[in-house]
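*Asks:* Per the numbering used here, residue 377 is the first one in the sequence shown, and the count goes up by one each step. Cβ coordinates follow ideal geometry from the N, Cα and C atoms, glycine included. Predicted, not measured: the structure shown is a model, and the values here were computed from it. Here it is, the structure in full.
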Amino acid sequence: VVNGSYFHPQSYIPAGDLVVQGRLVALGRIPAGLAITPDNRATIRAAPLRADGEKVAWRGMETVVAAGPRILKDGQVTRQYSSAFRDPALFGRAARSAVGLVSNRDLVFVTTHARLTTTEMGKVMARLGVRDALLLDGGSSAGLAWNGTAVLESVRNVSYGIGVFTGYGGRRYAR
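Right under this line is the structure:
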């Protein structure tokens, strides 16, 4: 389990799109996300848009966590970010969390309390063999748990996280 994306510190409402069990539960302003299909294939991609530029639902996706900015694309560190990311604190040195893809079935989660820039975190993800990566919420939200035990604890409460469960025997939600 790793912390999720950005959220309002008082209301805990996500700042980006969030799809759970195929249903859009939050619509935000973040332009890209980790999207997972009902058959467990993952991609990092931009939010789908209509011809007029308005965002549409993530049709056919089981889970979506809009996060960012994208720090790695096709194995190359990204240094150009969407205008949706304006907060100067995002680009300074901070504790970081990121999600990356080695393939459409292999996710890599990294959290560090070391204070890194966005570029440095992109380089870390590339060294781990990741092809595409997004930053998750960082700073005091950065946290990671493995097998039910905290590896790095978040300093504050977070709104939501991303969990991977082995041997999941529950219902699959296909849309």
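Between residue 471 and residue 491, how many whole angstroms is the CB-CB distance? I'm expecting something under 8 angstroms.
*Replies:* Residue 471 to residue 491, Cβ: 6 angstroms. Contact.
*Asks:* According to the neighbour-count rule (16 or more other Cβ atoms, all chains shown, within 10 Å of its Cβ), is residue 576 buried or exposed?
*Replies:* Here the chain has residues from 377 to 551 only, and residue 576 is not among them.
*Asks:* From residue 533 to residue 507, what does the alpha carbon distance come to, in whole angstroms?
*Replies:* Taking the straight line from one Cα to the other gives about 30 angstroms.
*Asks:* In the DSSP assignment, find the beta strand (DSSP E) that holds residue 455 and state where it starts and stops.
*Replies:* Element bounds for residue 455: n/a, residue is neither H nor E.
*Asks:* Within the same chain, show all residues whose beta-carbon is closer than 7 angstroms to that of residue 529, passing over the 5 residues directly before and after it, in chain order.
*Replies:* Closer than 7 angstroms at the Cβ level, and outside the excluded window around residue 529, lie 519.
*Asks:* Is DSSP giving residue 461 helix, strand or coil here?
*Replies:* The answer is coil: DSSP assigns residue 461 none of H, G, I, E or B.
*Asks:* In whole angstroms, what is the alpha-carbon distance linking residue 535 and residue 391?
*Replies:* Roughly 10 angstroms separates the two Cα atoms.
*Asks:* What distance in whole Å lies between the Cβ atoms of residue 537 and residue 404, which are believed to be in contact at a cut-off of 8 angstroms?
*Replies:* So it is not a contact: roughly 16 angstroms between Cβ atoms.
*Asks:* Which value, in whole angstroms, describes the spacing of the CA atoms of residue 540 and residue 401?
*Replies:* Distance between the alpha carbons of residue 540 and residue 401 is about 19 angstroms.
*Asks:* By how many angstroms is the C-alpha of residue 424 removed from the C-alpha of residue 505?
*Replies:* Looking at the two C-alpha atoms, the distance is approximately 27 angstroms.
*Asks:* Bridge partners of residue 422, per DSSP?
*Replies:* Residue 422 is bridged to 408.
*Asks:* Can you grab the Cα-Cα spacing for the pair residue 457 / residue 464, in whole Å?
*Replies:* Roughly 12 angstroms between the two C-alpha positions.
*Asks:* Can you look up residue 494 in the DSSP assignment and give me helix, strand or coil?
*Replies:* The answer is helix: DSSP assigns residue 494 an H, G or I state.
*Asks:* So, residue 437 versus residue 476, is the Cβ gap smaller than 8 angstroms?
*Replies:* Contact: no.
*Asks:* Which same chain residues end up closer than 8 angstroms to residue 448 when comparing Cβ atoms and leaving out the 5 residues on each side of it in sequence?
*Replies:* Closer than 8 angstroms at the Cβ level, and outside the excluded window around residue 448, lie 454, 476, 498, 501, 502, 506, 507, 508 and 509.
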